Amino acid sequence: MGFGDLKSAAGLRVLNDFLADKSYIEGYVPSQADIAVFEAIAAPPPADLFHALRWYNHIKSYEKQKASLPGVKKALGKYGPADVEDTTGAGTDSKDDDDIDLFGSDDEEESEEAKKLREERLAQYESKKSKKPAVVAKSSILLDVKPWDDETDMAKLEECVRSIQADGLVWGSSKLVPVGYGIKKLQIQCVVEDDKVGTDMLEERITAFEDYVQSMDVAAFNKI
Amino acid sequence: GAQELELLERLLGLPGGNKYGVQGERKVPVLHTNNGPGLTGLMTIAAHLVRQARKDQLLGSTAEEKAVVQQWLEYRVTRVNGGSSKEDTRTILKDLNMHLEDKVYLAGNIFTLADILMYYGLHHIMVDLTVQEKEKYLNVSRWFNHIQHYPGVRQHLSDVVFIKNRLYTNAH
């Protein structure tokens, strides 16, 4: 996203094309998105880029109300056509191999504008991060643990399974489900943090109790 | 005619209950009042409703804006009617497209009655345009898409679709 370098003719052309069928940068009312882009443009666009000029004059008429327009100003790279490479801070028009690096660029000519936006964005990110705890991806897994035969001590089997401790693993309720011939399998629930515990690891450790456990299957796997 | 006025009433937040009729061959709308012959003419009734709703800014603020609003209201009433020929339609779209090249709204930077009545008047035309035509009259499309999203305007009228990627034109 982004328009490229809005201080260059090429960037203004991208903006012009983008605005040909739109009244505003985002949505159908003037917002901080328009202000962000407006402030990035040095002077009114030339007359041949008439869509950009139309938009520029229109947003200029909201100059006095700009603080009260809805929305939050984002980095310039967040606006504009989806297929344009984000080159905020870059001095040239050419498509270099830069990855989309929103938090900085290794270009020596980083403009004041881009630097300010980056600082602002970093500060926003930090404050957001410190305010609420990170949301961890968790899953609820239902495991089927099968014994060798009907003589196996299921209570001991359950004890063994529950003895498996790991960071990010919490055992839940369990029950014994008959499968036939007097054999019962242990169905036990657990909640895991996806980053820390995987079903492979669980399988390995459960089947390690060879005396009791014949096999283990994942009966159900749900993302929380 | 009369239908538009009902839509306008709702947009303006008026309580409603006005009685409308039509007059003559050209179906000019009439607002029946308790005393007297009633108020005649789309433009006239519409302006009256706007003042009733105390939304005078919809008629323009500066003298220039008011004039431009009047200009387009007159255009709407004289040129854009149910029975426009294909030729007329093309002229209307061309005129509007040219005018809207450097403006967001018909009167420039503010939303006015001109935009509202032109939207209602053009709706049946826009609904039938091909994708190519919508692109040809790009400024009209942009303006129309903007107005139909303005809160309270569209109501029960169908949403005219404008696709985002331009198929026919590359250079502007």
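Note that the protein sequences, when read in sequence, are chains A and B. 1 is the number of the first residue of the first sequence in full-length UniProt numbering; add one for each residue after it. 1 is the number of the first residue of the second sequence in full-length UniProt numbering; add one for each residue after it. Ideal Cβ positions, reconstructed from N, Cα and C, are used throughout, including at glycine. Here the structure is a predicted model, which means the values were calculated and not measured.
Any idea what DSSP makes of residue 176(A), helix, strand or coil?
-> For the purposes of this step, residue 176(A) is taken as residue 176 along the first sequence, with counting starting at 1. Here residue 176(A) sits in strand by DSSP.
Do three or more CB pairs link the stretch 171-184 of chain A to the stretch 12-25 of chain B at distances below 8 angstroms?
-> no
Per DSSP, which one or two residues make a beta bridge with residue 187(A)?
-> For the purposes of this step, residue 187(A) is identified with residue 187 of the first sequence, where counting begins at 1. In the DSSP output, where bridge partners are listed per residue, residue 187(A) has 144(A), 175(A).
Have a look at 34(A), 24(A), 143(A), 41(A) and flag the residue whose alpha-carbon is nearest the alpha-carbon of residue 8(A).
-> Here residue 8(A) refers to the residue found at position 8 when the first sequence is read from its first residue. When each option's Cα is compared against that of residue 8(A), the closest is 41(A).
Proximity test, Cβ basis, 8 angstroms: residue 20(A) and chain B | On the first sequence, position 20 is the one that residue 20(A) refers to. Taking Cβ atoms only, chain B reaches closer than 8 angstroms to residue 20(A), which makes this a yes.
Proximal chain B residues relative to residue 8(A), where beta-carbon distance stays under 9 angstroms = Residue mapping note: residue 8(A) aligns to position 8 of the first sequence, counting from 1. Going along chain B, no residue has its Cβ under 9 angstroms from residue 8(A), so there is no contact; the nearest lies around 18 angstroms.
Select from the stretch 34-54 of chain A all residues with a C-beta closer than 8 angstroms to any C-beta belonging to chain B, and list them in chain order.
-> 50, 51, 53, 54
So with Cβ pairs under 8 angstroms, would you call residue 68(B) a contact of chain D?
-> Looking for chain D here will not work: the only protein chains present are A and B.
For residue 189(A), I'd like the list of residues in its chain whose CB is within less than 6 angstroms of its CB, leaving aside the five on either flank, ordered along the chain.
-> Taking the first sequence and counting its residues from 1, the one referred to as residue 189(A) is at position 189. If you ignore the 5 residues before and after residue 189(A), its C-beta comes within less than 6 angstroms of the C-beta of 142, 172, 173, all in its own chain and listed in chain order.
Report the option in 37(A), 26(A), 205(A) whose CA atom is closest to the CA atom of residue 3(A).
-> As a working note, residue 3(A) is residue 3 in the first sequence. It is 37(A) whose Cα lies nearest to the Cα of residue 3(A).
Tell whether a beta-carbon distance below 8 angstroms holds between residue 2(B) and residue 22(B).
-> For the purposes of this step, residue 2(B) is identified with residue 2 of the second sequence, where counting begins at 1. For the purposes of this step, residue 22(B) is identified with residue 22 of the second sequence, where counting begins at 1. Contact flag set, yes.
Can you grab the Cα-Cα spacing for the pair residue 80(A) / residue 39(A), in whole Å?
-> As a first step, residue 80(A) must be located in the first sequence, where it is residue number 80. As a first step, residue 39(A) must be located in the first sequence, where it is residue number 39. The straight-line gap from Cα to Cα measures roughly 15 angstroms.
If you count every other CB in all the chains shown that lies within 10 Å of the CB of residue 120(B), and 16 or more means buried, which is it?
-> The sequence position of residue 120(B) within the second sequence is 120, counting from 1. Buried: at least 16 other Cβ atoms inside 10 Å.
In terms of DSSP beta bridges, what is residue 222(A) paired with?
-> Counting from one through the first sequence, the residue named residue 222(A) turns up at place 222. The partner list for residue 222(A) (beta bridge, DSSP) reads 140(A).
Look up residue 193(A) in the DSSP assignment and say whether it is helix, strand or coil.
-> Counting from 1 along the first sequence, the entry for residue 193(A) is found at position 193. It is a strand residue.
Report all residues from its chain with a CB closer than 6 angstroms to the CB of residue 62(A); omit the five preceding and five following residues, and keep chain order.
-> Here residue 62(A) is taken as the residue at index 62 of the first sequence, counted from 1. Once the five neighbours on either side are set aside, the close Cβ partners of residue 62(A) are 30.
Compare the C-beta of residue 34(B) with all C-beta atoms of chain A and state if any pair is closer than 8 angstroms.
-> Locating residue 34(B) in the second sequence gives position 34, where the first residue counts as 1. No, residue 34(B) lies away from the interface with chain A (no Cβ there is under 8 angstroms from its Cβ).
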